[in-house]
C-alpha cells in the first residue's frame with residue numbers, strides 16, 4: 003500500500019525539520035522517500051537583485067540538504083530510501099534575468115550527484131527532476147507579478163518541441179520500478195533543453 007503525507011516546515015530551521023521527521027516517524031513508523039521541493043525565486047538581472055534576495059533564494063532552494071541530513075540516518079538504518087530533489091531546466095539552460103534561481107538549481111543538480119555517490123553503497127537512491135515550465139498557480143502568480151500574460155507564455159513555447167506548458171501530473175509519477183536510477187538528472191521539459 004502506498005501512502006503519502008505532507009508535513010509543513012521551514013527549510014531554514016533545523017529544529018522544525020527535526021520535529022517534522024519525528025512527527026512523521028510517530029505517524030508512519032518509517033520514511034521511504036523524501037521529495038525536496040522547497041523553491042522560491044526572484045526575477046531580475048544581477049544588478050537588480052537585492053542583497054537580501056540572493057542569499058534568501060540560496061537558503062530556501064539549496065538548504066533541502068538539511069532535511070536530507072536528518073533523513074539519511076533513517077535510510078541508512080533501514081538500508082533503503084529515495085531522495086528526489088526538485089531542480090529545474092533553468093539549472094541547465096541560461097535564461098535572461100534568472101541568475102539567482104538558475105544558480106540555486108544548478109547547485110541542487112550537483113548536490114544530487116554528490117549525495118548519490120555517497121549514499122549508493124547504502125542502497126539509497128538520490129535523483130533530481132528538472133521540470134520546464136509547468137502550469138501551476140506559482141507560475142501564473144509570478145507571471146502576474148512580472149506582467150507576463152498567458153499569450154506571452156504561449157508565444158514563448160511556440161518554437162519548442164511540445165508547444166504547451168507541462169502539467170503537474172506529468173512530473174509527479176514516482177515509481178519503485180525506477181530502482182536502478184541513481185544520480186540521474188531527469189529532465190521533463192517538453193524538449194526545451196534539446197537545443
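Numbering (this note's numbering), first residue to last: 3 to 197.
Don't be surprised by glycine CBs; every beta carbon is placed ideally from N, CA and C.
**Report entry** Rounded C-alpha distance that separates residue 70 from residue 121
**Finding:** Mapped onto the chain shown, residue 70 falls at position 68. Mapped onto the chain shown, residue 121 falls at position 119. Going by the C-alpha atoms only, they are around 11 Å apart.
Report task. Give me the Cα-Cα distance between residue 186 and residue 116, rounded to the nearest whole angstrom. Result -> Here the question's residue 186 lines up with position 184 in the chain shown. Here the question's residue 116 lines up with position 114 in the chain shown. So the alpha carbons of these two residues sit roughly 11 Å apart.
Query raised in the report: Since residue 131 is in the beta strand (DSSP E), which residue starts that stretch and which ends it?
Result: For the purposes of this step, residue 131 is taken as residue 129 along the chain shown, with counting starting at 1. Segment 126 to 133, the beta strand (DSSP E) holding residue 131.
Report task. List in chain order: all unbroken alpha helix (DSSP H) runs of 4+ residues lying wholly within the stretch 49 to 117. Result -> 55 to 64 and 66 to 80
Requested in this report: Return the chain-ordered list of same chain residues with a C-beta closer than 6 Å to the C-beta of residue 107, the five sequence neighbours on each side being excluded.
Outcome: Translated into the one-based positions of the chain shown, residue 107 becomes position 105. The answer, listed in chain order, is 89, 90, 92 and 93.
**Report entry** Minimum C-alpha distance to residue 138 - residue among 101, 18, 170 and 17
**Finding:** Locating residue 138 in the chain shown gives position 136, where the first residue counts as 1. The residue with the shortest Cα to Cα distance from residue 138 is 170.
Query raised in the report: Measuring CB to CB, does residue 103 end up less than 9 Å from residue 63?
Result: In the chain shown, residue 103 corresponds to position 101, counting from 1. In the chain shown, residue 63 corresponds to position 61, counting from 1. Cβ atoms of residue 103 and residue 63: closer than 9 Å.
Query - Sequence-distant residues of its chain with Cβ nearer than 8 Å to residue 33 (five each side left out) - result: Along the chain shown, read from residue 1 onward, the residue named residue 33 stands at position 31. 23, 26, 27, 73, 76, 77 and 83.
**Report entry** Environment of residue 133 [buried if 16+ CB atoms lie within 10 Å]
**Finding:** Position 131 of the chain shown, counted from the first residue, corresponds to residue 133. Buried, because 16 or more other Cβ atoms sit within 10 Å of the Cβ of residue 133.
Query raised in the report: Between which two residues does the alpha helix (DSSP H) harbouring residue 28 extend?
Result: Taking the chain shown and counting its residues from 1, one reaches residue 28 at position 26. 16 to 30 is the span of the alpha helix (DSSP H), which, as asked, contains residue 28.
Requested in this report: Identify which residue in 167, 56 and 68 has its Cα closest to the Cα of residue 17.
Outcome: Stepping through the chain shown from its first residue, residue 17 is reached at position 15. The candidate whose alpha carbon is nearest that of residue 17 is 68.
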